[in-house]
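In what follows, a single structure is set out as structure tokens and then discussed.
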Amino acid sequence: MNRLELSSLYQLTVTRFKLTLREPEAIFWIFVFPILLALGLGIAFRNRPADVLPVGATTPQLVQALAADKGLRATEMDEAAGGRALATGNILLLAIGSGNSVVYRYDDTNPDARTARMIADRDIQIAAGRHDPVEAGNQLMHETGSRYIDFLVPGLLGMNLMGSAMWGLGFSIVDARAKKLLKRMVASPMPRWQYLAAYLLSRLIMLAIEVVVLLGFAWVVFGVPFRGRLVELLLICVLSSLTFSALGLLVASRARTIEAVSGLMNVVMMPMWIMSGVFFSPSRFPAFLQPFVQALPLTAAISAIRGNMLQGIPLGHMMAPLAILLVWCAVPFVVSLRIFRWR
Amino acid sequence: MVERVRDRVDADPDGALGNTGNAAVRIRGLHKAFGDVRAVDGIDLEVGAGECFGLLGPNGAGKTTTIEICEGLTTPDAGSVELLGRNWQQDANELRQLIGIQLQETQFPEKLTVEEVLRLFRSFYRRGMTLDEAIALAQLEEKRRARVGGLSGGQKQRVAMATALVGDPELLFLDEPTTGLDPQARRHVWDLVERLKQAGRTIILTTHYMEEAERLCDRVAIMDHGHVIALGTPKELIAMVGGEDIVEFAVGLKATADASTTLAAKNAVNSAQDDSSGREQGVVNVEMLKAIPGVQSHRVDEALHQLSVSELHTAVPQIFAALEEQGLHLSEFRTHSATLEDVFVRLTGRNLRDE
Numbered sequence: 001m002n003r004l005e006l007s008s009l010y011q012l013t014v015t016r017f018k019l020t021l022r023e024p025e026a027i028f029w030i031f032v033f034p035i036l037l038a039l040g041l042g043i044a045f046r047n048r049p050a051d052v053l054p055v056g057a058t059t060p061q062l063v064q065a066l067a068a069d070k071g072l073r074a075t076e077m078d079e080a081a082g083g084r085a086l087a088t089g090n091i092l093l094l095a096i097g098s099g100n101s102v103v104y105r106y107d108d109t110n111p112d113a114r115t116a117r118m119i120a121d122r123d124i125q126i127a128a129g130r131h132d133p134v135e136a137g138n139q140l141m142h143e144t145g146s147r148y149i150d151f152l153v154p155g156l157l158g159m160n161l162m163g164s165a166m167w168g169l170g171f172s173i174v175d176a177r178a179k180k181l182l183k184r185m186v187a188s189p190m191p192r193w194q195y196l197a198a199y200l201l202s203r204l205i206m207l208a209i210e211v212v213v214l215l216g217f218a219w220v221v222f223g224v225p226f227r228g229r230l231v232e233l234l235l236i237c238v239l240s241s242l243t244f245s246a247l248g249l250l251v252a253s254r255a256r257t258i259e260a261v262s263g264l265m266n267v268v269m270m271p272m273w274i275m276s277g278v279f280f281s282p283s284r285f286p287a288f289l290q291p292f293v294q295a296l297p298l299t300a301a302i303s304a305i306r307g308n309m310l311q312g313i314p315l316g317h318m319m320a321p322l323a324i325l326l327v328w329c330a331v332p333f334v335v336s337l338r339i340f341r342w343r
Numbered sequence: 001m002v003e004r005v006r007d008r009v010d011a012d013p014d015g016a017l018g019n020t021g022n023a024a025v026r027i028r029g030l031h032k033a034f035g036d037v038r039a040v041d042g043i044d045l046e047v048g049a050g051e052c053f054g055l056l057g058p059n060g061a062g063k064t065t066t067i068e069i070c071e072g073l074t075t076p077d078a079g080s081v082e083l084l085g086r087n088w089q090q091d092a093n094e095l096r097q098l099i100g101i102q103l104q105e106t107q108f109p110e111k112l113t114v115e116e117v118l119r120l121f122r123s124f125y126r127r128g129m130t131l132d133e134a135i136a137l138a139q140l141e142e143k144r145r146a147r148v149g150g151l152s153g154g155q156k157q158r159v160a161m162a163t164a165l166v167g168d169p170e171l172l173f174l175d176e177p178t179t180g181l182d183p184q185a186r187r188h189v190w191d192l193v194e195r196l197k198q199a200g201r202t203i204i205l206t207t208h209y210m211e212e213a214e215r216l217c218d219r220v221a222i223m224d225h226g227h228v229i230a231l232g233t234p235k236e237l238i239a240m241v242g243g244e245d246i247v248e249f250a251v252g253l254k255a256t257a258d259a260s261t262t263l264a265a266k267n268a269v270n271s272a273q274d275d276s277s278g279r280e281q282g283v284v285n286v287e288m289l290k291a292i293p294g295v296q297s298h299r300v301d302e303a304l305h306q307l308s309v310s311e312l313h314t315a316v317p318q319i320f321a322a323l324e325e326q327g328l329h330l331s332e333f334r335t336h337s338a339t340l341e342d343v344f345v346r347l348t349g350r351n352l353r354d355e
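In order, the protein sequences belong to chains B and V. Residues in the first sequence are numbered from 1 upward in steps of one, following this note's numbering. Residues in the second sequence are numbered from 1 upward in steps of one, following this note's numbering.
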């Protein structure tokens, strides 16, 4: 055996890492699940090109006026055929022309039909010679960084950092305690701090893989932007992961059974899943809840990740969330070391 | 009753203790209570270097608490433990390097291989065996690349023993090393312990199997309710019973009408009163039995009479004759060599595995 093999910290870390990799469920939740979620939500909320609205008209003049608009697809049909097309949803609106007047037949409870009514009327009026008193122009925005998927990926990353750190530590520590392995370990000359440090080290190895896999996927498939410095993004991820590891350690420091620790985990994580802005902005919660919401570690982690990725804010300007993370890292760590049950 | 027996033990010649100058383990006045339960209630023991010492007793006797105090896992309320001339207050780190430990019920991670578990534990020790040596000693060569989860109970126990051995310890603590194993796996573990004994290691083991203590241990302390109630070599302890053999019998009434008239009512033990075993009732004149040369003592448990006997070949015919004379016929009769189980029964009035 070489010297590295004889190092207990190295052996503990490698063992922890191997055990994680040999747990198929863990691999699914850490690597596959966030990608599936990103893919599913990315597809569901993708930005589609503006819809072309199908309309019908009874005279060639009207069809000509409407066909000039890219937002409409106009078809000529008589009133009877148009009535059937309306009833089956093939067209949203039928323009019935007679002499110098036009009547629009449509369902005013259907927003698309109301839009078609406005566009069609504007086109027909302009074709008839109307002049708008105010000159109007358009600037179109289809920029990356403002889509839902861009908002979602940092949220998923934060949620993943929390889940894998807390489950990873909490479950395996309580499992080792329930199986009396923890007791056996402390009866050996193993330094106790190394046992806990090995969890953090193997967590950091997993973290690197996790972050690269999820962000790489989001970058390749959705072109999610990275506007801040990558080094700083990595630092935020490391700090977040250590914070959630400390929380996991705290949750696992006394529990004797897997059932007990699962319950505690859910109590700790549930409010953050809901309120910390994984799927929607935490500012939607009422003002009296905001101090609580903002003080949650996941809120801080996600807002720092979003600040870096979407807005390119340097670390120096995100002291508030970083300070919240540091407090959530230090306090639970110190407390759990004091109350940790080794047997 | 226990107190009475303790007097006997204390009166035991000091020769039963190990060679006190060269003790690997020295326990003095050890006390430990968990709430109201006095798990260890004043224990003094010495174990000599190279000795295999057994703590024998039923569940709850205080064996595990005693051994875990020795292992530095539990702090005693009072008393001292000295291992290899060191103590846990000052030399904890050094002691952990010097002792090997196998605990009850340790479950190693199922998804690690045998080799990986041992490599991990080896890394905790400054010096020790190579992996190959530890694997060979525990006879796990064929399983070294197998995952722990796929091993049998006996193999898992040998992995636990191997983790206790990788540091090449001078002093080895084995807490119920064969509990829950089938007979073959148990014999396998015994072979391993015997090899360790021959290699000159000091071993302290707990067990509630008397045959295990008899076979493996140079000396045995019998524990009950937190006390050591007997201490000595297995041979010495068995001699305490007063006879080398145990005769067990149960009696029923003779079917003949005149049988009842021959019953000796005085000094009789009515064995039917709390007869939960379904044995037929019969009243035995105990004094007649005790008068037989070679019969040392008598007790009755659920209508089963037990005599400890020193001259089996002459005593048994006289026992038959005495029962015949009392008009009783035997419904059960057997004899066996006295064991540590009989010692325990004699000392406490209970069976080892009653609890």
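Ideal Cβ placement from N, Cα and C applies to all residues, glycine included. All values reported here derive from a predicted model rather than from experimental measurement.
- Residue 55/B and residue 76/B do not touch by the CB rule: their CB atoms are close to 11 Å apart, not below 8 Å.
- Interface flag for residue 58/V against chain B is unset, since no Cβ pair is found closer than 9 Å.
- Sorting 287/V, 106/V, 216/V and 319/V by C-alpha distance to the C-alpha of residue 248/V places 319/V at the top.
- Excluding the 5 residues flanking it on each side, residue 109/V has same chain C-beta neighbours closer than 7 Å at 148, in chain order.
- Residue 111/V has a beta carbon lying within less than 9 Å of a beta carbon in chain B.
- Note on the stretch 28-84 of chain B: whole beta strand (DSSP E) runs with a minimum of 3 residues are 53-57 and 72-76, in chain order.
- Annotation for residue 188/V: the continuous alpha helix (DSSP H) segment containing it runs 183-198.
- Considering only 120/B, 200/B and 315/B, the residue with the shortest C-alpha distance to residue 233/B is 315/B.
- Residue pairing from DSSP places residue 104/B in a beta bridge opposite 95/B.
- Per DSSP, residue 23/V is one residue of the beta strand (DSSP E) stretching across 23-34.
- For residue 87/V, there are no neighbours in chain B by C-beta distance under 9 Å, as the nearest C-beta there is about 16 Å away.
- A Cβ-Cβ contact shorter than 9 Å links residue 102/V with residue 160/V.
- Here the alpha carbon of residue 185/B sits roughly 59 Å from the alpha carbon of residue 285/V.
- Judged by DSSP secondary structure, residue 46/V falls within the beta strand (DSSP E) whose first and last residues are 37-48.
- With the criterion set as a beta carbon lying under 8 Å from some beta carbon of chain B, the members of the stretch 94-109 of chain V are 96, 97, 101, 103, 104, 105, 106, 107, 108 and 109, in sequence order.
- If you compare the alpha carbons of 326/V, 214/V and 226/V with that of residue 233/V, the shortest gap goes to 214/V.
- Residue 277/B sits in coil when the DSSP states are folded into three classes, being neither helix nor strand.
- The C-beta distance from residue 243/B to residue 328/B rounds to 5 Å, short enough to meet the 8 Å contact threshold.
- Under DSSP, residue 138/V forms no beta bridge with any residue.
- The beta carbon of residue 94/V lies closer than 6 Å to none in the same chain, with the five residues before and after it left out.
- Residue 302/V carries a coil assignment under DSSP once its states are collapsed to helix, strand and coil.
- For residue 17/B, the enclosing alpha helix (DSSP H) stretches over residues 8-21.
- Straight-line measurement puts the Cα of residue 246/V at about 15 Å from the Cα of residue 237/V.
- For residue 230/V, DSSP records a beta bridge to 222/V.
- DSSP places residue 79/V in the strand class (E or B) of the three-state scheme.
- In the DSSP assignment, residue 243/B falls outside any beta strand (DSSP E) and within the unbroken alpha helix (DSSP H) covering 230-252.
- Under DSSP, residue 336/V takes part in a beta bridge, and its partners are 246/V.
- Counting along the chain, residue 139/B sits inside no alpha helix (DSSP H), nor does DSSP assign it H or E at all.
- Buried is the label assigned to residue 248/B, since at least 16 other Cβ atoms lie within 10 Å of its Cβ.
- Boundaries of the alpha helix (DSSP H) harbouring residue 70/V: 63-70, taken from the DSSP string.
- Distance between residue 133/B and residue 122/B, taken at the CA atoms: about 14 Å.
- Residue 153/V: member of the alpha helix (DSSP H) spanning 153-165, first to last residue.
- Contact of residue 184/B with chain V by beta-carbon distance below 7 Å involves 103 and 106.
- Around the beta-carbon of residue 139/B, fewer than 16 other beta-carbon atoms lie within 10 Å, marking it exposed.
- At a Cβ-Cβ threshold of 9 Å, residue 275/B and residue 286/B do not count as neighbours.
- By alpha-carbon distance to residue 226/B, the top candidate from 165/B, 308/B, 301/B and 147/B is 308/B.
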